[in-house]
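Residue numbers (the UniProt record's numbering): 1 to 168.
What follows is the structure, given as structure tokens:
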């Protein structure tokens, strides 16, 4: 019932990227790396961290083809979930001494990403802002089959997060 009240638009947070030392790109969907490249062109960054860099849409080769300099790309190949995206990139950020990052993900994934990253990064001294890549998901209007599938999946995962039933 609460999901019906919140609607699909609740899943999408407002983009608020600020100049940062790193850009963290989460794997999982097309458009995320491209949006990160746009943010890099606009704001610059010392590093671009590709979380789960083995996935087709977020490989180093793809980043190079899109014009990202090889010397700023950091590959993180082990993440398997939003939770491990956060834990593994936090370690990289700390090891490199970075104090700020823009986390880039898809619009529909942005609320859960922010909840997860804010929890994992709390008390780390690392400031996070968020870049929200557009997707085929539509948060408003009549729901397509894709919208229904995505929003159902995200709300199930958000519920699990809120209830601390599982970490993802």
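Using N, Cα and C, we set each Cβ at its ideal position, and we do this for glycine too.
Note that this is a predicted model, so its numbers are computed, not measured.
For the ligand ADP, is there any heavy atom lying closer than 7 Å to the beta carbon of residue i?
| i | result |
| --- | --- |
| residue 24 | The ligand content of the structure shown is nil, which means the ligand ADP is not present either. |
Tell me where the alpha helix (DSSP H) around residue i begins and ends.
| i | result |
| --- | --- |
| residue 63 | 60-65 |
| residue 159 | 145-162 |
| residue 120 | 110-121 |
| residue 92 | 82-96 |
How far does the beta strand (DSSP E) with residue i in it extend, from its first residue to its last?
| i | result |
| --- | --- |
| residue 128 | 127-133 |
| residue 105 | 100-106 |
| residue 45 | It is not in any beta strand (DSSP E) - residue 45 carries neither H nor E in the DSSP assignment. |
| residue 26 | 22-26 |
| residue 76 | 73-76 |
Excluding sequence positions up to five away, which residues of its chain have a Cβ less than 8 Å from the Cβ of residue i?
| i | result |
| --- | --- |
| residue 78 | 52, 84 and 88 |
| residue 126 | 90, 93, 94, 98, 99, 100 and 101 |
According to the neighbour-count rule (16 or more other Cβ atoms, all chains shown, within 10 Å of its Cβ), is residue i buried or exposed?
| i | result |
| --- | --- |
| residue 163 | exposed |
| residue 37 | buried |
| residue 30 | exposed |
| residue 59 | buried |
| residue 149 | exposed |
Please confirm whether residue i and residue j have their CB atoms less than 8 Å apart.
| i | j | result |
| --- | --- | --- |
| residue 80 | residue 116 | no |
| residue 114 | residue 130 | yes |
| residue 63 | residue 32 | no |
| residue 19 | residue 43 | yes |
| residue 17 | residue 39 | yes |
| residue 72 | residue 45 | yes |
Which same chain residues end up closer than 6 Å to residue i when comparing Cβ atoms and leaving out the 5 residues on each side of it in sequence?
| i | result |
| --- | --- |
| residue 96 | none |
| residue 86 | 116, 117 and 120 |
| residue 7 | none |
| residue 55 | 27 |
| residue 139 | 8, 9 and 12 |
With a CB to CB cut of under 7 Å and the five nearest residues on each side skipped, what residues in its chain are close to residue i?
| i | result |
| --- | --- |
| residue 135 | 29, 31, 106, 107 and 108 |
**Request:** Could you tell me whether the segment 14-27 touches the segment 103-123, using the rule of 3 or more Cβ pairs below 8 Å?
**Result:** With a cut-off of 8 Å, the segment 103-123 and the segment 14-27 count as touching, because enough Cβ pairs lie within range.
**Request:** Flag this pair as touching only if the segment 66-81 and the segment 38-51 have three or more C-beta atom pairs under 8 Å; answer yes or no.
**Result:** The segment 66-81 makes contact with the segment 38-51, as at least three CB pairs between them are under 8 Å.
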